[in-house]
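A.B. asks: Just so you know, the sequence shown maps onto residues 46 to 234 in our numbering. Just passing along the structure, written as structure tokens.
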Amino acid sequence: MAEDAITLITRDHREMERLFDRLETERDQRPRLLDEVEAMLIAHSRAEEDEVYPVVVRTTGEVPQVRHSAEEHQEAEELLGRLRDCEPDSDTFDERLREFVDAVKHHVEEEESEILPALKRAVGQKRVTELGTAFSRRRAEELELFDPASAKIPKQRLYEQARHLDVPNRSKMSKEELAEAVQEAAKQH
């Protein structure tokens with residue numbers, strides 16, 4: 046059964062927070078973790094902006110808040126770019142990481158306290174579930190651009206995408222098979 050958009054969005058937020066913790070503590074893994082953060086941030090943002098935010102605007106009238114959230118997505122991408130411009134073991138990296146993390150956490154807090162509750166109040170569970178399917182599909186399309194067969198996306202994330210896309214026999218697949226199945230399923234949706 047498909048999960049609703051609010052569940053998927055908040056799950057992504059928690060995963061991003063876990064990645065932030067790892068970026069702070071696993072200094073030797075920072076380049077790889079930044080790749081994961083970038084893929085997730087962009088895929089998540091595009092899926093929200095393309096599939097969820099238009100429905101929020103139409104059904105809730107939260108135009109200023111949605112516009113603000115989209116601007117925060119852009120700001121996060123710019124801060125991530127600045128973070129990539131410095132050495133992962135430098136003090137500058139640590140400063141920029143804190144700025145990036147603070148900006149994203151601020152966005153998450155606003156979205157979870159304002160936009161998502163407004164969406165839930167405005168549309169029924171059936172529509173929120175339909176939005177979950179659309180969000181998941183759009184996010185998977187964006188993640189494809191980040192080479193899902195590479196180490197940039199963990200197997201668990203590919204498994205979650207396969208589950209959201211209702212890929213059969215996913216629990217028996219290797220990481221490479223999951224990547225191919227997700228890519229194929231996203232094309233069909």
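Note that the Cβ used here is the ideal one computed from N, Cα and C, for glycine as well. Small disclaimer: the values here were computed from a predicted structure and weren't measured.
Should the region 46 to 61 be called in touch with the region 168 to 181, which here means at least 3 C-beta pairs below 8 angstroms?
C.D. replies: Cβ pair count under 8 angstroms is three or more, so yes.
A.B. asks: For residue 229, name the three-state secondary structure that DSSP assigns.
C.D. replies: Here residue 229 sits in helix by DSSP.
A.B. asks: What are the boundary residues of the alpha helix (DSSP H) that residue 179 is part of?
C.D. replies: Its alpha helix (DSSP H) spans residues 170 to 189.
A.B. asks: Do the CB positions of residue 96 and residue 163 come within less than 7 angstroms of each other?
C.D. replies: No.
A.B. asks: For residue 188, count neighbouring C-beta atoms within 10 Å of its own C-beta (all shown protein chains included) and say buried if the count is 16 or more, exposed if not.
C.D. replies: It counts as buried.
A.B. asks: Check whether the Cβ atoms of residue 92 and residue 172 sit closer than 7 angstroms, and answer yes or no.
C.D. replies: No, these two residues do not count as a Cβ contact at 7 angstroms.
A.B. asks: So does the region 55 to 62 actually touch the region 214 to 228, counting three or more Cβ pairs closer than 8 angstroms?
C.D. replies: Output reads no: the region 214 to 228 does not touch the region 55 to 62.
A.B. asks: Between residue 193 and residue 56, what straight-line distance do the alpha-carbon atoms span, to the nearest angstrom?
C.D. replies: Because the pLDDT of residue 193 is 49, which lies under 50, any placement of that residue in the model is unreliable, and the question is left without a value.
A.B. asks: Fully enclosed by the region 82 to 130, which alpha helix (DSSP H) runs are 4 residues long or longer?
C.D. replies: Complete alpha helix (DSSP H) runs here, min 4: 98 to 105 and 108 to 129.
A.B. asks: For residue 69, tell me which candidate among 94, 161, 144 and 205 has the shortest Cα-Cα distance.
C.D. replies: For the residues 94, 161, 144 and 205, the minimum Cα distance to residue 69 belongs to 144.
A.B. asks: Can the beta-carbon of residue 67 be found less than 7 angstroms from the beta-carbon of residue 79?
C.D. replies: No, Cβ-Cβ distance for residue 67 and residue 79 is not below 7 angstroms.
A.B. asks: Could you spell out the range, first to last residue, of the alpha helix (DSSP H) harbouring residue 162?
C.D. replies: From DSSP, the alpha helix (DSSP H) with residue 162 extends over 161 to 167.
A.B. asks: Quick one: residues in its chain with C-beta nearer than 7 angstroms to the C-beta of residue 200, no 5 flanking neighbours on either side, listed in chain order?
C.D. replies: Here the set comprises 220 and 223.
A.B. asks: Rounded to whole angstroms, what's the CA-CA distance from residue 225 to residue 204? Just pull it up for me.
C.D. replies: The straight-line gap from Cα to Cα measures roughly 11 angstroms.
A.B. asks: Is it true that the CB of residue 180 sits closer than 7 angstroms to the CB of residue 84?
C.D. replies: No, the Cβ-Cβ distance between residue 84 and residue 180 is not below 7 angstroms.
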